[in-house]
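Since the structure comes first, as structure tokens, the remarks are kept for the end.
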Amino acid sequence: MADDREFRIRPGRVRSSGSQRARPFIAQALAAAQRAGGGISLTGRIKSGHTSRFGRGQRASIHANRLITARTRGAVVKARIVRLKARSAPLATHLDYLRREGVTRDGAKARLFGAEPGHVNAAEFAERCKDDRHHFRFIVSPDDALEMADLKSFTRELVGQIERDLGSRLDWAAVDHWNTEHPHVHLIVRGVRDDGYDLVIARDYIKEGMRDRARDLITQELGPRTDLDIRRSLDQQIGAERWTQLDRQLVRDRRRNGVIDVARLPGGEPDPFQTLKVGRLRKLETLGLATQIGPGQWNIDDKAEATLREIGERGDIIKRMHRALTDRGDRARVGELRAGSRTS
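Mapping the sequence shown onto numbering that gives the first Met the number 0, position 16 (from 1) lands on 15, and the numbers just tick up by one.
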């Protein structure tokens, strides 16, 4: 037949893309799992990938994050939601503790302040809170608090912004403490909106939005950080046993498959912070919170943030105990605390 012409199939080499060749098997497997559906956790385990959209402030958290740049001043915000139960310690007891002597700049007994000039009556505030389902306890600690003009004015501005973000006036009281190396503000917010309903704040806003608002206000007052400020801050974070800005950047750098790649790419744009990131990952590795899975490729443990925050909190408690014992002149007990500070 005229169409019966001989032909041959010439199979060539099975080629993989350059990106595949550069990635170890584990990274490729995680990528395949990602394509199959579902999110990938920090360690590469499949998870739902959905974030909570419950509560107020979800959208505001996104807007607040857009204001943050590498030169934005730093701040730490710790939050706790306290549900009021029959056996719970009364809020008045906590307020008394916050107002104890020795926490102010001049060592005098602290006083609560609020949105208006003057002082907040602690007993009246506790009375307003007694029938609430819950209240919020925040600690706001600007990195550069010593350079700021007034933590009270800063707190009032911050709460005003939070009210706009949440769409409700807030009933709150606060006190500024200067008895640690990092001056900070304790902020108590009632869990009730201005319309009388329970105040529910989105998890993302509590975790990030409020901190980003605080950082933006601090930057407006003090100006952006210089290159030297940034470098010094990051250098200090390499060996820190707490959740740091460097850790947050590493999480942002990770690919969709959960892999953090800090390898130098030939011909690629150099990362000026590559050495810092590698140093931080190695520190996390010593804490059992990071694993190297290939040349320049790492996974961070799912519980890294929670663990580092707990370690940091424990360190703060030890420092407070150390300071209190030193003030009492209990030198022997201070020595015991220092020797056993690694235990819980």
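By construction, the Cβ of each residue, glycine as well, lies at the ideal position given by its N, Cα and C atoms.
For the stretch 183-193 and the stretch 235-245, state whether three or more C-beta atom pairs, one from each stretch, are separated by less than 8 Å.
-> Cβ pair count under 8 Å is below three, so no.
May I ask you to list the residues that DSSP assigns as paired with Gln291?
-> As a first step, residue 291 is located in the sequence shown; it is residue number 292 there, counting from the start. Residue pairing by DSSP places Gln291 opposite Trp297 in a beta bridge.
Would you mind stating whether Ala78 and Phe135 have Cβ atoms separated by less than 8 Å?
-> Taking the sequence shown and counting its residues from 1, one reaches residue 78 at position 79. Taking the sequence shown and counting its residues from 1, one reaches residue 135 at position 136. Yes, the Cβ-Cβ distance between Ala78 and Phe135 is below 8 Å.
Start-to-end residues for the alpha helix (DSSP H) that takes in Asp143 | Here residue 143 is taken as the residue at index 144 of the sequence shown, counted from 1. No alpha helix (DSSP H) holds Asp143; DSSP gives it neither H nor E.
When you compare each of Val250, Thr179, Gly267 and Gly266 to Ile259 by their alpha carbons, which one comes out closest?
-> What you label residue 259 is simply residue 260 of the sequence shown in a count that begins at 1. Comparing Cα positions, the closest option is Val250.
For Gly257, count neighbouring C-beta atoms within 10 Å of its own C-beta (all shown protein chains included) and say buried if the count is 16 or more, exposed if not.
-> Mapped onto the sequence shown, residue 257 falls at position 258. So Gly257 ends up on the buried side.
For my contact list, Leu344 and Leu245 are in at a C-beta cut-off of 8 Å; report their separation, rounded to the angstrom.
-> Within the shown structure, residues of the chain are numbered from 0 to 343, placing residue 344 beyond reach of any answer.
Ends of the alpha helix (DSSP H) at Leu90?
-> Counted from its first residue, the sequence shown places residue 90 at position 91. Where Leu90 is concerned, the enclosing alpha helix (DSSP H) starts and stops at Leu90 to Leu97.
Residues bridged to Arg189 [DSSP beta-bridge criterion] = What you label residue 189 is simply residue 190 of the sequence shown in a count that begins at 1. DSSP, once it has assigned bridges, lists His134 as partnering Arg189.
Inter-residue Cα distance where the pair is Arg300 and Gly314 = Taking the first residue of the sequence shown as 1, we reach residue 300 at position 301. Taking the first residue of the sequence shown as 1, we reach residue 314 at position 315. At residue 300 the sequence reads Asp, which differs from the Arg that was named. Approximately 21 Å between the Cα atoms of the pair.
Proximity to Leu150 [Cα-Cα], best of Leu111, Gln248, Arg279 and Ala59 = If you number the sequence shown from 1, residue 150 lands on position 151. Taking the Cα of Leu150 as reference, the smallest distance to any Cα among Leu111, Gln248, Arg279 and Ala59 is reached at Leu111.
Specify, as a first and last residue, the run of the alpha helix (DSSP H) that Asp175 falls within.
-> Within the sequence shown, numbered from 1, the residue matching residue 175 stands at position 176. Asp175 -> not in any alpha helix (DSSP H); beta strand (DSSP E) instead, spanning Trp171 to His176.
Name the one or two DSSP bridge partners that His74 has.
-> The residue given as residue 74 occupies position 75 in the sequence shown. In the sequence as presented, His is not what sits at residue 74; that position holds Ala. DSSP, once it has assigned bridges, lists Pro141 as partnering Ala74.
Leu90 classed as buried or exposed, judged by whether at least 16 other C-beta atoms fall within 10 angstroms | Residue numbering aside, residue 90 sits at position 91 when the sequence shown is read from its first letter. With 16 or more Cβ atoms within 10 Å of its Cβ, Leu90 is classed as buried.
Where does Gln235 land, buried or exposed, given buried means 16+ other C-beta within 10 angstroms?
-> Walking along the sequence shown from the start, residue 235 turns up at place 236. With fewer than 16 Cβ atoms within 10 Å of its Cβ, Gln235 is classed as exposed.
Taking just the CA atoms, how far does Gly293 sit from Pro265?
-> Within the sequence shown, numbered from 1, the residue matching residue 265 stands at position 266. Within the sequence shown, numbered from 1, the residue matching residue 293 stands at position 294. Distance between the alpha carbons of Pro265 and Gly293: 17 Å.
How would you label Val76, buried or exposed, when you count the other beta carbons within 10 angstroms and need 16 or more for buried?
-> Here the question's residue 76 lines up with position 77 in the sequence shown. Buried.
8 Å contact criterion, which His181 and Ala144 should meet: CB distance rounded = The residue given as residue 181 occupies position 182 in the sequence shown. The residue given as residue 144 occupies position 145 in the sequence shown. With a Cβ gap of about 7 Å, His181 and Ala144 count as contacting.
Spatial neighbours of Arg82 within its chain, please: CB distance less than 8 Å, with the 5 preceding and 5 following residues excluded, ordered by chain position.
-> In the sequence shown, counting from the first residue as 1, residue 82 sits at position 83. So the list reads Arg132 and His133, once near-sequence residues are dropped.
Would you kindly report the start and end of the unbroken alpha helix (DSSP H) that includes Phe272?
-> As a working note, residue 272 is residue 273 in the sequence shown. Looking at the DSSP string, Phe272 is not in any alpha helix (DSSP H), and its letter there is neither H nor E.
If you check the beta carbons only, do Ser152 and His183 fall under 8 Å apart?
-> Position 153 of the sequence shown, counted from the first residue, corresponds to residue 152. Position 184 of the sequence shown, counted from the first residue, corresponds to residue 183. Not a contact, by the Cβ cut-off of 8 Å.
Under the assumption that Leu288 contacts Thr306 (Cβ atoms under 8 Å), give the Cβ distance between them as a whole number of angstroms.
-> Residue 288 sits at position 289 when you count from the first residue of the sequence shown. Residue 306 sits at position 307 when you count from the first residue of the sequence shown. Contact holds; Cβ gap of about 6 Å.
Starting from the Cα of Tyr196, find the closest Cα among Arg168, Asp203 and Glu207 and give me that residue.
-> Residue mapping note: residue 196 aligns to position 197 of the sequence shown, counting from 1. Of the listed residues, the one whose Cα sits closest to Tyr196 is Arg168.
For Ile200: DSSP bridge partner residues | In the sequence shown, residue 200 corresponds to position 201, counting from 1. Ile200 pairs with Arg55.
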